[in-house]
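Numbering (the working numbering), first residue to last: 10 to 122. Read through the structure below, which is laid out as structure tokens, and then see the notes.
Laid out in structure tokens, this is it:
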């Protein structure tokens, strides 16, 4: 399995190994510190494809960071990936995502009107 990421896990995977959950967590933490919302989804998808699951607090942190950075599309993609992977997203987090998306839709409609 070859996964193309701009991180160390892709090299490990290309060489036939599997990164540990600790490796995935360190790469994800680096993306959070940067912050690189575009990398969050790729890292999470790779992590989930390897069968690893992080704690709910980390997922909430990523979702809220994406919202704070004004990245609603990244947020929605991450929520969709979590649900596809069987990871429950708390209702209050979903409410914040939906609310943020609605606010953007309202702002876009106001600008185009």
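Idealized CB from N, CA, C, for every residue including glycine.
Per the coordinates, the alpha-carbon of residue 72 lies some 31 Å from the alpha-carbon of residue 25. Per the coordinates, the alpha-carbon of residue 66 lies some 16 Å from the alpha-carbon of residue 95. Contiguous alpha helix (DSSP H) elements confined to the segment 15-83 occur at 17-23, 30-42, 46-58 and 65-77, taking only those with 4 or more residues. Separation of residue 84 and residue 104 (C-alpha to C-alpha, rounded to the nearest whole angstrom) is 12 Å. Straight through space, the alpha carbons of residue 47 and residue 82 are spaced by roughly 10 Å.
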